[in-house]
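Residues in the sequence shown are numbered consecutively from 26, following the numbering used here.
Don't be surprised by glycine CBs; every beta carbon is placed ideally from N, CA and C.
Since the structure comes first, as structure tokens, the remarks are kept for the end.
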Amino acid sequence: SLAELCALGGTAAPAADRNHWLVLTGCRKGAVASALEHYGPAAAADQLALLVNVFGRDNLAVELWDHGHPLDSVRNDALMQIALRGDVDLVATTNAHYATPAERPLATALAAVRSRRSLDEIDGWLPAAAGAHLRSGFEQARRFARYPGVVERAGELGQACAFDLKLVAPNLPPFPCPDGLDEMGYLRRLTERGAERRYGPRHRERVAGAWAQIDHELSIIEQLGFPGYFLIVHDLVDFCRRNDIYCQGRGSAANSAVCFALGVTKADAIELGLLFERFLSPERDGPPDIDIDIESGRREEVIQYVYQRHGRHYAAQVANVITYRPRSAVRDMASALGYAPGQADAWAKNVDRWGSLIAQLEDNANTVAPEPDSDAIPQVVVELAAQIEHAPRHLGIHSGGMVLCDRPIIEVCPVEWARRENRSVLQWDKDDCAAAGLVKFDLLGLGMLTALHNTVDSITEAYGFAIDIAEVPQDDAVYDMLCVADSVGVFQVESRAQMATLPRLKPRKFYDLVVEVALIRPGPIQGNSVHPYIRRRNGLEKITYLHPLLEPSLAKTLGIPLFQEQLMQMAIDVAGFSPGEADQLRQAMGSKRSSERMERLRGRFFEGMAERGITGDIAEQIFDKLAAFANFGFPESHSVSFAYLVYSSSYLKRYFPAAFCAGLLNAQPMGFYSPHTLVADARRHGVAVRTPDLAASGVGATLEWVEGRAATTTDVPFPIDAFPVGGVDVPQPAVRLGLASVRSVGDELAERIVTEREANGPYASMTDLAQRVDIDRTALEAMATAGVFSNCTDRSGANLDRRRALWVAGAVAETSADRLPGIVTGTDAPSLPGLSDRELAGADLWATGVSPDGHPTLFEREHLASLGVLTAAELRTAPTDTRVLVGGVVTHRQRPSTAHGITFVNLEDETGLINVVCSPGLWKRYRRVARGAPALLVRGRLERVDGVINVVADKLEVLPVVGSHRSRDFR
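This is the structure:
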């Protein structure tokens with residue numbers, strides 16, 4: 026097949042069978058037409074003969090086309106004669122490069138992008154005529170009337186190419202089962218073993234109805250033929266557990282008691298009352314969908330295990346179609362038009378990340394201070410860029426999708442090698458795979474799992490006991506911390522919106538976290554569920570139900586529907602739907618609405634309500650409420666899975682902030698906040714943070730006790746085999762930043778430095794390091810700037826502070842092991858003044874992105890105080906609705922799709938975080954400052970709602986601060 030040919034070519038595999046192909050000789054760049062143009066008919070005939078020899082006469086056709094060029098007819102006549110002499114078929118095509126004549130400028134610009142040249146540079150390669158567009162059959166017949174049958178042959182070829190993807194739909198590979206069991210028998214055995222651990226023996230179950238639900242789910246799995254799917258997922262999770270890789274199943278799989286029994290998910294679907302049919306039912310199309318979150322640092326091990334377990338040619342990763350956004354569209358079109366790369370990049374950076382390009386430029390033109398002419402994007406660039414917004418740009422690799430087949434995947438889909446070693450990737454995205462019947466497994470890298478594993482390992486090393494995050498106890502002190510939005514670094518609840526919601530929701534138990542995770546999502550926000558729920562939670566609004574039959578499904582969310590599973594349960598309770606029918610209703614009412622299915626289910630729904638005495642306006646209101654809610658509901662199973670990680674990370678932050686900080690730093694890049702903010706937050710919690718050190722630092726961040734003293738049993742105020750609870754104070758070590766955190770060093774060099782130190786002893790000096798480890802000048806100078814050599818001395822015995830270390834770093838870099846000793850001079854620094862605290866902070870921020878013992882605003886505080894600027898801490902006691910001045914480093918700029926154009930800016934000073942609200946008008950007025958300034962001085966009105974503080978800005982200014990900062994914008 027053509028798919029096999031593409032795959033074999035991309036993977037340098039042996040040639041494939043050439044049957045069932047029809048090869049056209051191609052356009053003007055094809056071998057035959059090109060030979061005709063440059064060398065004449067004889068050369069073209071020779072090329073045709075070569076193609077006949079390779080593909081066979083019956084698998085080849087000479088292609089004719091007419092783009093309106095004066096010589097097209099001459100060329101077509103010559104090609105016809107060559108084809109007749111070679112006894113090869115003729116076919117006429119439009120040889121279309123674009124749909125309509127108006128799209129030619131865009132098509133040529135994209136051709137320039139593909140060739141990585143400007144239009145001027147590829148002008149000679151472009152066709153002279155502008156006729157490479159689609160034409161009707163009538164026009165084709167008129168143009169090729171002199172060549173009988175060639176247009177009809179094109180129609181026949183098109184019909185022959187018609188193909189139903191279901192014809193190649195593969196199955197999953199057979200799963201090897203022990204003891205002569207088939208897949209269903211083996212799945213049943215594994216499930217029953219797990220169910221006994223979870224629920225107790227079948228006739229003495231600890232949870233009522235558990236075994237009946239297990240049997241029900243197994244029967245559906247068997248009926249639908251999916252036991253192999255569950256065995257593969259169980260095998261992947263089991264591999265992770267055997268190799269101490271943190272993982273968890275999530276998504277709708279958490280609705281399954283079988284998945285809970287197998288250990289795939291942590292959520293007890295029976296105890297939580299989750300509906301299995303949201304996950305799998307006879308009425309659903311396609312296979313089940315189980316997402317497996319894997320600690321991101323070790324996800325590659327799992328991917329390679331899949332290849333090893335199922336075979337390199339039977340597994341591949343799914344592609345992801347990367348589309349043009351305003352910035353990339355401007356950059357590529359400017360480059361195609363011949364503008365310098367620097368200019369193209371400058372224009373691209375002048376475009377926001379959200380919204381359409383045209384709308385942005387119109388907004389900018391209407392501002393009080395529009396862009397200077399030198400910054401304005403030329404109209405021709407804008408016109409082309411606007412046409413390619415959201416169009417495919419290139420293929421990437423899906424964040425987690427892998428497919429498995431019972432036969433080589435290249436028989437179904439083209440495959441190519443990925444850039445990363447030992448990975449293969451499909452040329453299809455997830456929707457294409459679903460259409461072809463390929464079953465996808467999502468192996469998703471989750472940075473928080475890496476951070477949690479790092480944290481647990483650090484606790485074990487520093488305190489001498491192990492923590493099992495699956496067993497952390499429920500503790501009021503943890504919820505106290507969350508109620509005051511002390512959640513920097515905590516999974517899922519560290520964003521501005523989540524931190525603003527926590528004090529209002531006041532979580533006191535686990536299910537409150539399930540709700541918290543679900544509330545701040547586009548769906549509940551657009552569905553107007555957030556504020557009514559919070560009002561009811563705080564007793565400000567009465568809890569009501571449209572009908573008493575709705576109370577069982579809505580009671581746990583105070584009468585406000587939040588979850589998709591609630592929609593299903595409502596249909597079951599008020600209309601007598603089966604769980605499978607309820608899931609059909611959910612899908613029919615969802616984003617891909619089917620009017621036919623909706624009409625059928627609507628009648629069934631009203632009949633069911635009438636049987637239960639629900640008629641008239643109440644019945645209409647219930648149905649309308651469900652229909653309105655269907656687009657906005659969040660999966661409860663997904664929220665439950667994430668809530669476990671919310672609580673685990675909250676617990677570790679509350680009792681082990683030093684280890685938690687180190688764990689987060691070692692898992693970067695991840696999460697909402699930069700390392701600088703994470704370190705500043707740890708310091709506010711009493712954690713000492715130390716600069717990288719040549720003798721003391723590991724590759725990543727580590728923990729160390731004061732003066733090297735380790736914690737003893739008597740230092741720990743709780744039993745060594747128990748978890749701290751009740752707000753007990755746990756002694757905290759310091760966090761030592763790792764060598765890999767230094768600019769230009771990275772993991773590989775840091776690993777070599779540490780490995781050499783552990784093998785052959787500490788480094789005596791910077792020169793000793795340069796002679797024992799291959800290191801360049803750039804890395805040495807960055808390490809010197811970071812203070813890595815502060816505890817070293819030079820040959821005279823003088824301490825190498827940062828300024829002196831920088832002085833000698835260039836010369837020392839020349840003293841590597843392959844140089845003769847003694848030939849390099851300048852390795853001893855003169856006496857130099859030390860750096861000021863301000864300069865030290867700037868050096869830290871430049872070298873590591875972190876200031877261990879300072880903050881940029883700290884050095885401006887005296888000046889800021891003279892202006893009346895309040896700190897984040899002082900805002901807590903400032904009067905509401907007063908005008909205030911605040912200032913800080915920008916950590917985030919966000920414009921959620923649900924915020925109606927409002928942009929939220931997060932500032933950080935030495936005392937905490939400040940939320941700033943920017944209206945669309947203000948953003949336009951101060952656009953250049955708002956978008957680009959690393960630190961801001963903001964004037965605005967202090968707003969306080971339910972303990973949450975915001976500053977509604979009315980003026981923005983650039984705040985000059987020490988160091989360089991990059992915010993994490995629009996996430």
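Paired residues, beta bridge with residue i - DSSP
i      : result
Arg993 : His917
Ile559 : In DSSP, Ile559 forms no bridge with anything.
Leu429 : Ala340, Val464
Ser449 : Trp442
Glu320 : Leu471
Tyr123 : His158
Phe659 : Phe588
Val909 : Gly965
Pro417 : Thr348
Endpoints, beta strand (DSSP E) assigned at residue i
i      : result
Ala86  : 85-89
Leu728 : 727-729
Gly274 : 272-275
Nearest neighbour of residue i, chosen from the options [CA to CA]
i      : options                        : result
Gln796 : Ala510, Thr810, Glu781         : Glu781
Leu362 : Ser381, Ala341, Val406, Arg352 : Val406
Thr480 : Trp150, Ser815, Ser674, Phe200 : Ser674
Pro439 : Ile597, Ser520, Val503, Cys458 : Cys458
Arg952 : Thr936, Ile927, Asn940, Leu938 : Ile927
Gly957 : Leu981, Ala56, Leu583          : Leu981
Leu527 : Gly725, Val671, Leu144         : Val671
Leu76  : Leu565, Asp114, Arg213         : Asp114
Gln248 : Arg231, Ile494, Glu208         : Glu208
Ala872 : Gly771, Arg709, Ser59, Leu96   : Gly771
Ile997 : Phe169, Ser360, Leu47, Asp431  : Outside the shown range of the chain (26 to 996) lies residue 997, about which nothing can therefore be said.
Glu541 : Ser554, Val518, Arg562         : Val518
Asp501 : Ser512, Ser944, Arg908, Gly751 : Gly751
Distance, residue j Cα to residue i Cα
i      : j      : result
Asp799 : Ala687 : 28 Å
His241 : Lys650 : 31 Å
Val987 : Ala655 : 50 Å
Arg110 : Asn345 : 46 Å
Gly601 : Cys202 : 40 Å
Ala668 : Ile422 : 28 Å
Gly641 : Leu538 : 38 Å
Gly205 : Leu287 : 21 Å
Leu865 : Ser992 : 21 Å
Leu845 : Glu839 : Unreliable positioning characterises Leu845 in this predicted model, as indicated by a pLDDT of 49, which lies under 50. The coordinate reading is nonetheless provided below. The alpha-carbon atoms of Leu845 and Glu839 are separated by roughly 10 Å.
Thr727 : Ala759 : 8 Å
Lys534 : Gln499 : 8 Å
Val393 : Arg950 : Any reading at Val393 must be qualified, since the residue scores a pLDDT of 46, below 50, and its modelled position is unreliable; no value is offered.
Phe255 : Ala235 : 19 Å
Check: residue i C-beta below 7 Å from any heavy atom of the ligand COA
i      : result
Gly957 : For the ligand COA, the structure offers nothing, since it holds no ligand at all.
Boundaries of the alpha helix (DSSP H) in which residue i is found, first to last residue
i      : result
Arg886 : 886-891
Arg529 : 521-530
Val138 : 129-140
Asp114 : No alpha helix (DSSP H) contains Asp114, which is instead part of the beta strand (DSSP E) from 114-117.
Ala684 : 682-691
Ala759 : Run containing Ala759: none in the alpha helix (DSSP H); it sits in the beta strand (DSSP E), 759-761.
Leu860 : That residue, Leu860, is in no alpha helix (DSSP H); it is neither H nor E in DSSP.
Phe516 : Segment: none, Phe516 is in no alpha helix (DSSP H) and carries neither H nor E.
Pro252 : 252-267
Asp71  : 66-80
Val753 : Careful: Val753 lies outside any alpha helix (DSSP H) and carries neither H nor E.
Asn785 : 771-785
Chain B within 8 Å of residue i, Cβ atoms only
i      : result
Asn785 : The chain inventory of the structure shown lacks chain B, comprising one protein chain alone.
Review point. Which runs of the beta strand (DSSP E), 3 residues or longer, sit entirely within the segment 336-378?
Key: 340-348
**Study point:** Runs of beta strand (DSSP E) wholly within the segment 959-988 (minimum 3 residues, chain order)
**Key:** 960-970, 973-983
Check your understanding: Mind pulling the alpha helix (DSSP H) runs of 4 or more residues that sit fully within the segment 923-950?
Key -> 945-950
Review point. Could you give the uninterrupted runs of the alpha helix (DSSP H) lying entirely in the segment 201-228, keeping only those of 4 residues or more?
Key: Complete alpha helix (DSSP H) runs here, min 4: 208-224.
Check your understanding: For the segment 630-677, which segments carrying the alpha helix (DSSP H) assignment without a break, of at least 4 residues, lie completely within its bounds, in sequence order?
Key -> 641-655
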